[in-house]
Amino acid sequence: MTYSRNRYDQDFKKNAVRLSFNSSKPVKIIASELGVPESALYRWRKLYTEDGKQTPFASLEAENRSLKRENAELALERDMFKKSRRLLCQSPEVTPSDKYAFMLRETSVSVVRWARLLDVSTSGYYAWRRALPKRNAKERQYRQRIKHFFDQGQGTYGPKRICGLLRKNGNKASYHRVARLMADGGLYSTLRCRHPKSLTDSRLARQGDYPNLVKHQSFKPFEALSSDITQTTTSEGKAYICQIRDLTSNLVLAHQISNHMDTDLVLATLKQAHQRWALPETCIFHSDRGSQYTAKAVTKLVNQYHWQRSFSALGIPGDNAWSESFFAIMKKELIYQIQFKDINDLRAQVFAYIETFYNRVRVQARLDYLAPVAWLSLYDQASQKVA
1 MTYSRNRYDQ
11 DFKKNAVRLS
21 FNSSKPVKII
31 ASELGVPESA
41 LYRWRKLYTE
51 DGKQTPFASL
61 EAENRSLKRE
71 NAELALERDM
81 FKKSRRLLCQ
91 SPEVTPSDKY
101 AFMLRETSVS
111 VVRWARLLDV
121 STSGYYAWRR
131 ALPKRNAKER
141 QYRQRIKHFF
151 DQGQGTYGPK
161 RICGLLRKNG
171 NKASYHRVAR
181 LMADGGLYST
191 LRCRHPKSLT
201 DSRLARQGDY
211 PNLVKHQSFK
221 PFEALSSDIT
231 QTTTSEGKAY
241 ICQIRDLTSN
251 LVLAHQISNH
261 MDTDLVLATL
271 KQAHQRWALP
281 ETCIFHSDRG
291 SQYTAKAVTK
301 LVNQYHWQRS
311 FSALGIPGDN
321 AWSESFFAIM
331 KKELIYQIQF
341 KDINDLRAQV
351 FAYIETFYNR
361 VRVQARLDYL
371 APVAWLSLYD
381 QASQKVA
């Protein structure tokens, strides 16, 4: 076994220098007898005098070492600020857990230094790290819940709606956390696009009396209905969708699709709603002032059902926001996502969307995160208990 010495204390260096000055032997021989490199002994002779005192060169070298250490510290702090800049710019949203996660990733710098820079305690960091396995398991479960609700919404739910569903099911939910986890998992809700022009011919709606009976009013289910027509396209050309929707439950009661935007389209939708649902005779039928809705045939049929007529103000689509919002949602989640082959393909897709998803599955914030059918069921149960 061989032994090597690689560290020499200050006393050894001073004695070696004193010996080299007092001896008649060459420095090379003295270094060999001491078992040190010749270059090391010459370096020590620059640092110490014959009587063991420091030379001016030693003071200068010590000062240089100190400056180098300071420069290294400054460079390290600069690099630390660069690495943590994105995290620190998120304040006040950034939490201690965010800082601890950052410290866990950046292992090139000591925990103590990061804790000092990020204004957190080392004990807090180590406690957070010890609990990491359990927290990761909870995080995986949380991600699974988010994915479940996202899939339930067929890719149409954004962070806000999923937050509401999580809270409704007894989970804590932060919008920023849910949005971050959705982005990490590649879960992005369907994007809104295109804004088609209104189909109302205002020139035919400037005369006559058109009362608005629903503005600033509240209703029980089926006491007031909203209807509108929207335009879309298939590979064969234009198509028009007419729907009737309950103002209170948001339930779509009926819809019809045609190649022509005419009175017959509205009449067919009205008849379908009347046949399918037991609507009260005092029901209010609200629409815009399009010529299809102001036609004599439509007025006659509505009067035959003993319904009241209500109209939006001219040029104010917000007065019929119920239908406007439904079409905006359906276009975002269905119409703009598919190229329909023909009108029959459009009919099949719209029917499936309304009857199997929108009415029965798609939750709505204003319905306490329930779908229209489920909300109506609870409403009926509550009404029976009161009665």
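Counting along the sequence shown from 1, when you hit position 176 you're at 176 in full-length UniProt numbering, and nothing is skipped either side. The beta-carbon is built from N, C-alpha and C at its ideal position, and this holds for glycine as well. As the structure is a prediction and not an experimental result, all values here were calculated from the model.
For F285, the pairing in a beta bridge is given by DSSP as L225, R309. Looking from the CA of N212, the closest CA among A101, L376, P317, V109 belongs to P317. Counting along the chain, no beta strand (DSSP E) covers V17; the unbroken alpha helix (DSSP H) around it starts and ends at 10-22. Q256 has C242 as its beta-bridge partners, per DSSP. Within a 10 Å sphere around the beta-carbon of S39 sit fewer than 16 other beta-carbons, which makes this residue exposed. The beta-bridge partner set that DSSP reports for Y48 consists of Q54. The closest CA to that of R43, considering only L253, S20, Y240, is found on S20. G237 carries a strand assignment under DSSP once its states are collapsed to helix, strand and coil. For Y142, the enclosing alpha helix (DSSP H) covers residues 132-152. Distance between Q304 and F311, taken at the CA atoms: about 18 Å. Shown here for Y353: same chain residues with a beta carbon closer than 6 Å to its own, the five before and five after excluded, namely L334 in chain order. Residue environment analysis places R362 among the buried positions, since at least 16 neighbouring C-beta atoms fall within 10 angstroms of its C-beta. Only residues of its own chain outside the window of five on either side were considered, and among them G237, K238, A239, Y240, I343 have a CB closer than 8 Å to the CB of N259, listed in chain order. Beta-bridge annotation (DSSP): T232 is paired with A239.
Going by C-alpha positions, Y48 is about 51 Å away from R130. Ranked by Cα distance from Q231, the options I257, E106, Y210, N250 are led by I257. Boundaries cannot be given for R360, as no alpha helix (DSSP H) includes it and DSSP labels it neither H nor E.
Exposed is the label assigned to D380, since fewer than 16 other Cβ atoms lie within 10 Å of its Cβ.
Nearest Cα to S325 within the set L117, I229, V111: I229. Contact between the stretch 161-173 and the stretch 363-373 is present: three or more C-beta pairs spanning the two stretches fall below 8 Å. Put simply, of K172, N320, D288, M330 the residue whose alpha carbon is nearest the alpha carbon of T190 is M330.
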